[in-house]
Amino acid sequence: MASATSPSLLSPVSPASSPTGSFPSSPPPAIIVSPCAACKILRRRCVDKCVLAPYFPPSEPLKFTIAHRVFGASNIIKLLQELPEAQRADAVNSMVYEANARLRDPVYGCAGAICQLQKQISELQAELAKAQAEILNMQCQNANLVEFICQEMSQNQENCPQDQPNENSPFFFDENILGVAWEPLWT
Numbered sequence: 001m002a003s004a005t006s007p008s009l010l011s012p013v014s015p016a017s018s019p020t021g022s023f024p025s026s027p028p029p030a031i032i033v034s035p036c037a038a039c040k041i042l043r044r045r046c047v048d049k050c051v052l053a054p055y056f057p058p059s060e061p062l063k064f065t066i067a068h069r070v071f072g073a074s075n076i077i078k079l080l081q082e083l084p085e086a087q088r089a090d091a092v093n094s095m096v097y098e099a100n101a102r103l104r105d106p107v108y109g110c111a112g113a114i115c116q117l118q119k120q121i122s123e124l125q126a127e128l129a130k131a132q133a134e135i136l137n138m139q140c141q142n143a144n145l146v147e148f149i150c151q152e153m154s155q156n157q158e159n160c161p162q163d164q165p166n167e168n169s170p171f172f173f174d175e176n177i178l179g180v181a182w183e184p185l186w187t
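In UniProt numbering, the protein residues as written are 1 to 187.
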């Protein structure tokens with residue numbers, strides 16, 4: 001009497017032992033692609049030629065959420081369909097930027113940010129003009145000082161004989177003082 005479990009029943013079926021000589025045909029494995037962020041948020045099926053998919057990838061759901069909150073999905077889709085493909089990415093970036101600005105400042109949006117930046121530019125330009133005026137003033141003072149020193153030196157040279165230095169002159173140096181000044185500080 002043979003045992004109820006035979007070794008041939010427990011072994012897997014090999015291609016050689018199957019009636020056709022190969023594994024039974026099965027459908028190719030399906031590639032699972034996650035829907036774009038827009039379709040995921042809208043809870044709809046993302047089709048192959050989804051207008052939103054190239055601009056709202058699944059990894060950036062916040063990008064679509066912000067734009068959707070301000071403009072609405074139908075307006076975004078309509079705008080993208082009306083534009084040539086070369087301009088769509090820039091349009092999406094502009095919509096997301098405008099939507100962010102509208103969320104921060106619901107009344108003025110981007111215009112408020114632009115006005116604030118223009119005000120900052122004019123303040124900085126005024127500050128720059130003031131600094132340039134101060135530099136010009138210092139340069140004039142420096143030139144006047146150099147001219148004054150040159151006049152004093154020429155007057156002192158005319159009044160004093162060149163062989164002996166004048167002790168009252170502001171440019172007279174006592175050699176004894178210089179000797180002390182040039183001594184090393186360390187020992």
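Ideal Cβ positions, reconstructed from N, Cα and C, are used throughout, including at glycine. Computed from a predicted structure; not experimentally measured.
For residue i and residue j, which I take to be in contact (beta-carbon distance under 8 Å), what is that distance rounded to the nearest angstrom?
{"i": "P57", "j": "A37", "result": "6 Å"}
{"i": "V51", "j": "L80", "result": "5 Å"}
Would you give the residue range spanned by the alpha helix (DSSP H) that residue i belongs to?
{"i": "S94", "result": "E85 to R104"}
{"i": "G112", "result": "C110 to N159"}
{"i": "V70", "result": "P61 to F71"}
Counting only the same chain and skipping the five closest in sequence on each side, list residues whose C-beta sits under 7 Å from that of residue i.
{"i": "M95", "result": "A67, F71 and I76"}
{"i": "A89", "result": "Y55"}
{"i": "C46", "result": "P35, C36, C39 and A53"}
{"i": "E147", "result": "none"}
{"i": "S26", "result": "Below a pLDDT of 50, predicted positions are generally treated as unreliable, and S26, at 49, falls in that range; the measurement from the model is reported next regardless. If we look at S26 and ignore the five residues flanking it on each side, it has no Cβ neighbours."}
{"i": "V92", "result": "Y55"}
Check residue i in the structure and name its three-state DSSP category.
{"i": "V47", "result": "coil"}
{"i": "S34", "result": "coil"}
{"i": "residue 188", "result": "One cannot answer for residue 188 here, as it falls past the ends of the chain, which runs 1 to 187."}
Excluding five sequence neighbours on each side, which residues of the same chain lie with their C-beta closer than 8 Å to the C-beta of residue i?
{"i": "D105", "result": "G112 and A113"}
{"i": "R69", "result": "A99 and L103"}
May I ask whether a heavy atom of the ligand NAD can be found less than 7 Å away from the beta carbon of residue i?
{"i": "K78", "result": "The ligand NAD is absent from the structure shown, which contains no ligands of any kind."}
Ordered along the chain, which non-local residues of its own chain (more than five positions away) have a Cβ less than 6 Å from that of residue i?
{"i": "I101", "result": "Going by the sequence as given, residue 101 is Ala instead of Ile. So the qualifying residues of the chain are G109, C110 and A113."}
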